[in-house]
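Chains as they are written, first to last, in this note's numbering: chain R, 126 to 355; chain S, 126 to 355; chain F, 126 to 355; chain V, 126 to 355; chain Z, 126 to 355; chain Y, 126 to 355. Structure record follows, encoded as structure tokens.
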């Protein structure tokens, strides 16, 4: 895999895919290395497998570059650099129910509020100080959604349960480095802001003003923003 | 179950979709009727079962009131009335992997942007004209998230895939009536606005201003709102 | 989908139950809209997916006609009209683990004894008075199979557990209207009478006379009947 | 386990099918030996586990008597003798997703039409000549349900798919011996005749006469029969 | 299926265990008979299905020869004869989550230490005296791995939990006959000795000497052995 | 969690692989934080949950020390230091289907041949040069088991499929650092050598000599070794 395409600084490149998720079927043979989508005429739930007789050690291997942030990018200018290994990057993960990611944060780097529609995520911090949290789904008893949040220091780990909104924010003065694992080969990444304000075509203004209780002016401003894939 | 507690008028945004859900384990016996949480000292994934020898026909039955909106409430004043049957209301659904809901919309009634962390949802409309849509998860190729939206008329059906952001909005001049089914006994409901702006304790202002690219003033306004459970 | 082809009057016993179902694999991507069987040369567990780049909002939508009984049919003459939305009718349900149905009963309309081999089913009544029940699997202790039955009135809901024999019968003097949801995209419908007496080729007379303790004359009469798909 | 209680000859319809099973959760530890229901105050989906520190080799072992028909019973007088090892007999099967059975048929011995609500079943014949078959679920295209049937000789194997109606009948002149395996620890056994005519309380006469197109006299006769657990 | 190709005498350690298996996806239709790998250009998790319209009773049937040891082989000279029915031999097992096997042991016949990567296994003995056992996974508390072992006599049954190392050994003076069932259509067979010493290419000498604390001479001897598929 | 108890030098072979995992049930609520085994009188598949009302942010957090090798241990003297976060150490992982580990190798440090009975594993290297490989399950066609092996450098990633034998070996001149993720909350660790030679009670000498084709002297030597949990 190469690192994900890197966008412009403020755009926040984000762990996106690396947050991934779970709920894959179990393998029904030793392995089922994915054929790249572009090379197959048949689509199935998950991915079509490479002919098992042609599978080689390299199919289970990825030069992921997980030992460094993406090369040639100035982390302090972009705020966040993410690398992801899900089945779309690493075909050997097909049917394995796993994906992983590396995230480098500059100070104030943020992976904004998002969910993984198909997986839980566990993270651990190697460097820096990262404020993380998730919010429970709506309770039925009239209570508020609960925020479970924590400041993580080097060595610490945290779990984000399946499908719940969460965020990660570098609150330290130095860069931060974090790794993530997901129990899905293709967990997906649903950014709240991108889903609400960055879709094509856009969601109707009426729905958004009412949903977020904001003026049309503010909604129009939000819709005019560029909401890159983190 | 009785209908859900009804909140004040404009706030009533409908848990309905929130009923949905999926990914439950299969039953390992004919049934496993849930014991109410308050009566058990043991918590498990899903629910503890009632002694099977004491199970009666009434355990599989619920006077759900699904033939009318909730009694004694003025729909036009609240905008939205929802009734939900998930395992928390209907103990017989435990291990069955199913839940259902009824939604009544006044004109302009909205179920705002939300996801179900544990289920897909299918809806059908009996009365009125409802604009519905969902947004795909973030693509990896730099494209925008896609909105798939449609105006539904009486008799029409639509599917919201597992974990993706979606909404339902009464765009007609009359009340609308819709039913929903979810492939989970406890799909959960994650409102984007409630998760972001209505949690207890609140998410830090810094995270929110950066995530949504809004001033602190706007964020503070949003955090001061009452974001009820629909 | 159009309503199902409607058969002749007395035969019309309702596909309804056939909607149900469950135990599908989880989605491993945002969606996997089914390609119609007739257009694919490859068959897999579940359905082959449409090229995701060609998927449109209409793939998640179905003009199901769920607001009325099937048009042009006289319910009182047929006894029962059913409409089903499973993955065979509604390709967007593929990998979603859900299906739904509408059932209209004339007085004395019956959905006879049947099971869903791949799903649990929950129903709710909007109009009329419906007697429903299910029978437990054979107990090991020499007791009899238990019947759990209930008369449902408008607004009531009931659950039929996975794989157990159940029935629904309009015991009121007016038409009845009921909706059903199943936790499978393809639950299947196994009618006891059709399986026993209506298969092609027929089950041997010897097996049937012995299984049901009936004379050959009666068995021959039963085998000569037309047992339509409800 | 001891052999199952043996009933009187013609009644003996065979627990055999009851061995089957499917759709269990995977083990989440090396083992989870079931605590007998009578010794636990808590019921869960599946079974509560014995304290793992107290588990012994005997927990994975069962003196099943699978090398002989049940002792002290005259097979020719009862027609059928079945022995089952599911989780209710063999606590070590809990979370293992497996059960097995032995069936001895006298000539004309029959395991009548039944389904397993929670499993597929594979059988193989060691002695005798057994006619077996299953019937597909109701097709949507107006065709009849298909019967797939075959005469099995010693050494032959056959598969009965999950939830479909099937039967086994000794068509030879000698005793027959067959073993069965199911992909569930508790597949359940749903006899068509027992469910329809042998439940307590009985299904209403009206439902049965209409479902099976038989006179009340015949229905009453059938309901008056003793329908034992095979 | 024919019996498996039989190797030379002492080597013949039995595919038996390799029959087992589990954790397949559930069927999403009545059946999905596998197309032989050689006839398909598409590979999926599990197997591609035969066109359902072309499926016949013979697709669910296998002349397995399970009533006798493999013909023309002298059991006492080979020590062990195994026959396996998994989805690779019996296409009707696809999506059914089941496989079965027959094992014939001469005195001192051994199925050596192995695991099934995708299934639990239950066995029962019809003839002879077989010593069986499994070893728990590594405990975290510094205790040793536990051996649960038992001598089985005719009629006895035993369960080997998913993925744990186990063995079966004829400790009697006569031949032994045993049947096995697995909750997978393709459980796989991982022989400890074959994996360690018989792979192509071989594992590096350094790894093996260190892992097993044996001299290079011994390791070289082991690597020079022929380790057939049992 | 503290780091795992550290054993004496040469023995320290690394629990690492034991982190892995897979095939857990999905969460049926937002979370189900495990109650420590010692505090519960009820055992279930997986773990009993803490009362959800008492759950705090700290339940999703673990001071794992993943930024350094275990303190106070001389890596060069022990060869290998491993830290594991599975549900036994980190109760918040219950129902989440994930676990992670850190492994520090001195030169020639080895994680010897092992499997994870309940999970696939993905690893990535941050420092050093690690030779890794896995061996396929026994082929049915008479071919040898295949070894897929690769030398990993900093930044590289590799996948070990569910249940297959694998190993990791520091072939560089410097220490190596690697992280691992598993798609199970409790994958288990089955060491080939420990299972074969280190169980309590021991496997019979006859079985081992025959299985590994070694004489009793060598087997006795192997059984006399101390085979610690890595």
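All C-beta atoms, glycine included, are put in the ideal place defined by N, C-alpha and C.
Contact with chain V by residue 148 of chain Z, beta-carbon distance below 7 angstroms: Below a pLDDT of 50, predicted positions are generally treated as unreliable, and residue 148 of chain Z, at 43, falls in that range; the measurement from the model is reported next regardless. In terms of beta-carbon proximity, residue 148 of chain Z lines the interface with chain V, with at least one pair separated by less than 7 angstroms.
Residue(s) in a DSSP beta bridge with residue 295 of chain R: According to DSSP, residue 295 of chain R bridges with R:255.
Contacts of residue 151 of chain S in chain R (Cβ-Cβ under 7 angstroms): The contacting residues do not exist; residue 151 of chain S stays about 14 angstroms from chain R at best.
Residue-level contact to chain F via CB, residue 220 of chain Z, 7 angstroms cutoff: With 7 angstroms as the cut-off, residue 220 of chain Z counts as an interface residue toward chain F.
Interface partners of residue 184 of chain Z on chain F, CB under 8 angstroms: Within 8 angstroms Cβ-Cβ: nothing; residue 184 of chain Z doesn't reach chain F, min ~13 angstroms.
Local Cβ density within 10 Å of residue 266 of chain V, reported as buried at 16 or more and exposed below that: Residue 266 of chain V comes out exposed.
Residue environment, residue 201 of chain Z, which counts as buried when at least 16 other CB atoms sit within 10 Å: Classification for residue 201 of chain Z: exposed.
Neighbouring residues, chain Y, relative to residue 176 of chain V (Cβ below 7 angstroms): Within chain Y, the residues near residue 176 of chain V are 168.
Short Cβ contact (7 angstroms threshold) for residue 275 of chain V with residue 274 of chain Z: No, the pair does not count as a contact, with Cβ atoms beyond the cut-off.
Residue 217 of chain Y (DSSP reduced to helix, strand or coil): When secondary structure is reduced to three states using DSSP, residue 217 of chain Y falls in the helix class.
Alpha-carbon to alpha-carbon, residue 204 of chain R and residue 256 of chain R: Separation of residue 256 of chain R and residue 204 of chain R (C-alpha to C-alpha, rounded to the nearest whole angstrom) is 15 angstroms.
Contact list for residue 193 of chain S against chain F, beta-carbon separation under 9 angstroms: Chain-ordered, the chain F residues with CB closer than 9 angstroms to the CB of residue 193 of chain S read 279 and 280.
8 angstroms CB neighbourhood of residue 147 of chain V in its chain, flanking five on each side removed: Here residue 147 of chain V scores only 32 on pLDDT, less than 50, and its place in the model should not be relied on; the value that follows carries that caveat. Counting only residues of its own chain and dropping the five nearest sequence neighbours on each side, residue 147 of chain V has a CB closer than 8 angstroms to the CB of 222, 241, 243, 244, 245, 287, 307, 308, 309 and 312.
Proximity of residue 217 of chain F and residue 153 of chain Z at Cβ, strictly below 7 angstroms: Not in contact: residue 217 of chain F and residue 153 of chain Z (Cβ atoms no closer than 7 angstroms).
Test: residue 171 of chain Y CB closer than 7 angstroms to a CB of chain S: True, the Cβ-Cβ gap to chain S drops below 7 angstroms.
Spatially closest choice to residue 252 of chain Y from Y:302, Y:220, Y:285 and Y:346, by CA coordinates: Among Y:302, Y:220, Y:285 and Y:346, the Cα nearest to that of residue 252 of chain Y belongs to Y:302.
Cutoff 7 angstroms; reference residue 157 of chain R; Cβ partners in own chain excluding five residues on either side: For residue 157 of chain R, where only same-chain residues beyond five positions count, the Cβ hits under 7 angstroms are 174, 219 and 220.
For residue 328 of chain F and residue 198 of chain Z, the rounded distance between their alpha carbons: Between the C-alpha atoms of residue 198 of chain Z and residue 328 of chain F there is a straight-line separation of about 40 angstroms.
Residues of its chain near residue 149 of chain Y, where Cβ-Cβ distance is below 6 angstroms and the 5 sequence neighbours each way are ignored: Summary for residue 149 of chain Y: the model assigns pLDDT 46, below 50, so the residue's position carries little reliability; its value from the coordinates is reported in the next sentence. Around residue 149 of chain Y: 222, 309 and 310.
Contacts of residue 245 of chain R in chain S (Cβ-Cβ under 8 angstroms): Below the 8 angstroms Cβ cutoff, chain S contributes no neighbours of residue 245 of chain R, its closest Cβ being approximately 10 angstroms away.
Whole-angstrom distance between residue 279 of chain Y and residue 235 of chain R, CA atom to CA atom: Their backbone Cα atoms lie some 26 angstroms apart in a straight line.
Contact residues within the region 295-321 of chain R, judged by C-beta distance below 9 angstroms to chain F: Here the close residues are 309, 310, 311 and 313.
Classification of residue 145 of chain Y by the beta-carbon crowding that lies within 10 angstroms, buried from 16 upward: Since pLDDT at residue 145 of chain Y reaches only 21, below the 50 mark, its modelled position is unreliable, and the value read off the structure follows with that caveat. That one is buried.
Other residues of its chain near residue 340 of chain Z: CB distance less than 8 angstroms, five sequence neighbours each side excluded: The beta carbon of residue 340 of chain Z is closer than 8 angstroms to those of 334 in its chain, skipping five residues each way along the sequence.
4-residue-minimum alpha helix (DSSP H) runs that sit fully inside the region 306-348 of chain V, ordered along the chain: Runs found: 317-322 and 330-337.
Opening and closing residue of the alpha helix (DSSP H) in which residue 245 of chain S lies: Bounds of any alpha helix (DSSP H) do not take in residue 245 of chain S, whose DSSP letter is neither H nor E.
Alpha-carbon to alpha-carbon, residue 325 of chain S and residue 269 of chain R: Looking at the two C-alpha atoms, the distance is approximately 6 angstroms.
Residue-level contact to chain V via CB, residue 350 of chain S, 7 angstroms cutoff: Interface flag for residue 350 of chain S against chain V is unset, since no Cβ pair is found closer than 7 angstroms.
Cα-Cα separation between residue 211 of chain F and residue 225 of chain F, rounded to whole angstroms: Near 7 angstroms, if we compare the C-alpha coordinates of residue 225 of chain F and residue 211 of chain F.
Proximal residues to residue 230 of chain Y (C-beta, below 6 angstroms), its chain only, five neighbours per side dropped: The answer, listed in chain order, is 205, 295 and 301.
Short CB-CB distance (under 7 angstroms) between residue 78 of chain Y and chain R: As shown, chain Y starts at 126 and ends at 355. That puts residue 78 of chain Y outside it, with no answer to give.
Rounded Cβ spacing between residue 166 of chain R and residue 336 of chain S (contact assumed at less than 8 angstroms): A Cβ-Cβ separation of about 41 angstroms leaves residue 166 of chain R out of contact with residue 336 of chain S under the 8 angstroms criterion.
Residue 201 of chain Z - containing alpha helix (DSSP H), residue span: From DSSP, the alpha helix (DSSP H) with residue 201 of chain Z extends over 200-203.
Secondary structure of residue 275 of chain F, DSSP reduced to three states: Here residue 275 of chain F sits in strand by DSSP.
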